[in-house]
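Report on the structure given below.
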Amino acid sequence: MLKKRGNVYHLSKRVPKRFEAVETRRVIDLSLRTSSLTAAARKAEETWNSLLQSWEYKLAGDTLSADQRFRHAMQTAQRMGFDYVPVQDIPGLPLTDILDRVEASVDPDVEDAVLGLVPPASILVSDCLEKYLECFPEAVHGKSRDQLRRFRNPRSKVIADFVGVVGDKPIEKIGRADMLSYRARLVEQVIAGTITAATANKNLTYFISMIRGINRHMELGLSLPFADLTMREGRKKKRGTFSRAWIQDKLLAHGALDGLGQEARDIVRIMVNTGARPSEIAGIKLKHLHFDGPVPLMDIIPDGRTLKNQNSERSVPLAGVSLLAAQDALYVAQESGRRSEDWVFPRYAGEDKLTDVVNKFLRENGLKEKANTTMYSLRHAFEDRMIEMSIDERVRRDLFGHALNSERYGEGGGDAVRHAAVLAIAL
3 MLKKRGNVYH LSKRVPKRFE AVETRRVIDL SLRTSSLTAA ARKAEETWNS LLQSWEYKLA
63 GDTLSADQRF RHAMQTAQRM GFDYVPVQDI PGLPLTDILD RVEASVDPDV EDAVLGLVPP
123 ASILVSDCLE KYLECFPEAV HGKSRDQLRR FRNPRSKVIA DFVGVVGDKP IEKIGRADML
183 SYRARLVEQV IAGTITAATA NKNLTYFISM IRGINRHMEL GLSLPFADLT MREGRKKKRG
243 TFSRAWIQDK LLAHGALDGL GQEARDIVRI MVNTGARPSE IAGIKLKHLH FDGPVPLMDI
303 IPDGRTLKNQ NSERSVPLAG VSLLAAQDAL YVAQESGRRS EDWVFPRYAG EDKLTDVVNK
363 FLRENGLKEK ANTTMYSLRH AFEDRMIEMS IDERVRRDLF GHALNSERYG EGGGDAVRHA
423 AVLAIAL
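Sequential numbering of the sequence shown, starting at 3, is according to the numbering used here.
Right, dumping it as structure tokens:
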């Protein structure tokens, strides 16, 4: 029930009998700190629900974890119109804010919340990945099973390595000496040649980003000792490219790829004239191939998997051997009884084994043009051929799914222009 005293609405309501054992007051009377009837009605409902939840917890023996108690306190403070501020920081607030908090503190749970009396829960380093995903579920939303594995595994390993060096401790106890000890271990591995400096920096990034994310999301206010930890990286090894002649005379020679399975063989051939990433092709469904219109197209979209970035979502024109391979793959899929929602390449969709399979085949069959050419080199070769033909940079970036250095205006000529570019270099 709402009551107005002066210009301010109050919540006034009897405590249900079932909570008499945990609540000494018979009537709850709380200022809602607003003169708006609409706002008061909303806040009254939220505050009452919060009180009911609090009494239920007490009836159950207050079995909340420290983390749950802290989150409940934050939510209660927000419902009462306050940000949660730790008790040690309350004296630094404006006097009017302090007085408002004291006035609102007529209920023990509300008092704990608005006066910051509930300390944040300690989070062990070993729990950081699960806590991070609890804070940021969108980080893995839409990922395939293999993409999820590739997200979790390196981060789990980094956490285990850190714990192995400095022990499992609450994140608020991580000091500069701990981070330097972990860095020293990474330096040892770089010197030993078991990892590169780039990998070491990536491991540091995984660890730091998880803890920073948790600190920010949970408003823990921790001062984190993460400055100046990365290592200097040497020059990156340049990935090789295939020449036009090598692709034409070796990779596409009659019977050259027969030792590969049908799915891997078709993916390689599709890659030749699209420059698409292997995982992008492996993740297409039957409905993503379009051969009925004036331009044959392959849609690369986040359907059942995530893409590298938003620029990666695109429709790629098909021509030459790539068009033939896509048509063959679709025919095999349809003859196998697969439907539009099914994968064209089920053996490799959402899996991380395609490049290993193809690279092993290239190596064992003398199909590597140079020591540093791999399956991915087909993507580089596609770009080389476009540059040789002076194809417009906007068109090249649209085909590759790369960001443009300036803002994208219009459609870049549309499918017809991109198709003409691919036809000009298709094998």
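Beta carbons are placed, not taken as given, at the ideal position from N, Cα and C, and that holds for glycine.
Keep in mind that this is a model prediction, so the values were computed, not measured.
Nearest CA to the CA of residue i: which residue from the options?
| i | options | result |
| --- | --- | --- |
| Leu299 | Leu309, Ala278, Gly306 | Ala278 |
| Asn275 | Ser37, His421, Leu39 | His421 |
| Asp344 | Asp354, Leu332, Lys355 | Leu332 |
| Ile161 | Asp129, Arg185, Pro139, Met3 | Asp129 |
| Thr357 | Phe293, Asp294, Met273, Gly322 | Met273 |
| Ala42 | Lys6, Arg234, Phe21, Pro96 | Lys6 |
| Leu32 | Asp294, Asn361, Val17 | Val17 |
| Lys45 | Gly83, Glu22, Thr201, Leu54 | Gly83 |
| Tyr59 | Leu95, Ile389, Leu97, Arg20 | Arg20 |
| Ala247 | Pro280, Lys239, Leu369 | Leu369 |
| His290 | Phe363, Asn311, Ala335 | Ala335 |
| Arg241 | Phe402, Tyr378, Phe384 | Tyr378 |
| Leu309 | Ala328, Ser324, Ile286 | Ile286 |
| Glu282 | Asp294, Asp305, Arg178, Gly295 | Asp305 |
| Lys171 | Ala202, Ile213, Ala186 | Ile213 |
| Met220 | Asp85, Ala405, Leu54, Ile389 | Asp85 |
| Ser324 | Leu54, Phe293, Pro96, Thr201 | Phe293 |
| Gly403 | Asn311, Ala186, Leu95, Arg341 | Asn311 |
| Ala373 | Gly322, Lys239, Ile389, Gly295 | Lys239 |
| Asp163 | Arg185, Gly144, Arg178 | Arg185 |
| Phe363 | Ala255, Leu222, Gly263 | Gly263 |
| Lys355 | Gly295, Pro280, Ile389, Glu337 | Pro280 |
Taking 7 angstroms as the cut-off, decide whether the C-beta atoms of residue i and residue j are in contact.
| i | j | result |
| --- | --- | --- |
| Val448 | Ser183 | Residue 448 is absent from the model: the chain starts at 3 and stops at 429. |
| Val24 | Leu61 | yes |
| Arg396 | Gly352 | no |
| Ile176 | Ile125 | no |
| Val346 | Leu429 | no |
| Asp386 | Thr243 | yes |
| Thr26 | Ser52 | no |
| Asp301 | Ser317 | yes |
| Ala284 | Ile303 | no |
| Leu131 | Ser107 | no |
| Ala75 | Asp114 | yes |
| Val127 | Val165 | yes |
| Glu235 | Ala194 | no |
| Asn361 | Thr375 | no |
Who are the near neighbours of residue i in its chain, counting only those whose CB is closer than 7 angstroms to its CB and skipping five residues on each side?
| i | result |
| --- | --- |
| Val89 | Leu117, Gly118, Leu119 |
| Glu265 | Phe347, Arg349, Tyr350 |
| Gly215 | Tyr134, Cys137, Phe138 |
| Asp417 | Val297, Leu299, Ser317, Pro319 |
| Val142 | Leu135, Leu150, Phe153 |
| Asp330 | Asp268 |
| Ser245 | Glu371 |
| Val104 | none |
| Leu95 | Val87 |
| Arg340 | Leu288 |
| Ile100 | Ile92 |
Residues in the same chain with beta-carbon distance under 8 angstroms from residue i, minus the five sequence neighbours each way, listed in chain order, please.
| i | result |
| --- | --- |
| Asn367 | Ala258, Gly261 |
| Leu326 | Arg271 |
| Pro156 | Lys204, Asn205, Tyr208 |
| Ala321 | Asn275, Pro298, His421, Val424, Leu425, Ala428 |
To which residues of the same chain is residue i closer than 6 angstroms at the C-beta, ignoring the five residues directly before and after it?
| i | result |
| --- | --- |
| Ala426 | Met391 |
| Ala423 | Ile393, Val397 |
| Met3 | Ser14, Lys15 |
| Glu48 | Arg81 |
| Arg467 | Given a span of 3 to 429 for the chain in the structure shown, any question on residue 467 remains unanswerable. |
| Asp180 | Val168 |
| Asn217 | Leu224 |
| Gln191 | Ile197 |
Is there a Cβ of chain B sitting closer than 7 angstroms to that of residue i, yes or no?
| i | result |
| --- | --- |
| Thr26 | Here chain B cannot be found, since the structure has a single protein chain. |
Exercise for the section: Would you check if the region 215–234 and the region 146–156 touch, i.e. whether three or more CB-CB distances between them fall below 8 angstroms? Expected result: Because the criterion of three Cβ pairs below 8 angstroms is not met, the region 146–156 and the region 215–234 do not touch.
Is the region 36–50 close to the region 5–18, with three or more CB pairs under 8 angstroms?
Contact between the region 36–50 and the region 5–18 is present: 3 or more CB-CB pairs across the two stretches fall below 8 angstroms.
Is it true that the region 204–221 meets the region 244–251, where meeting means three or more beta-carbon pairs spaced less than 8 angstroms apart?
No: fewer than three Cβ pairs fall under 8 angstroms.
Could you pull out every unbroken alpha helix (DSSP H) segment of at least 4 residues lying fully inside the region 245–299, listed in chain order? Listed in chain order, they are 264–274, 280–284.
Practice problem: Please specify which runs of the beta strand (DSSP E), each continuous and at least 3 residues long, are wholly inside the region 357–407, giving them in chain order. | Solution: Counting only runs of 3 or more residues that sit fully inside the region 357–407, no beta strand (DSSP E) segment turns up.
(request) Please go through the region 9–92 and give each complete alpha helix (DSSP H) segment of 4 or more residues, from N-terminal end onward. (result) For the region 9–92, the full-length alpha helix (DSSP H) segments reaching 4 residues or more read 39–61, 68–81 along the chain.
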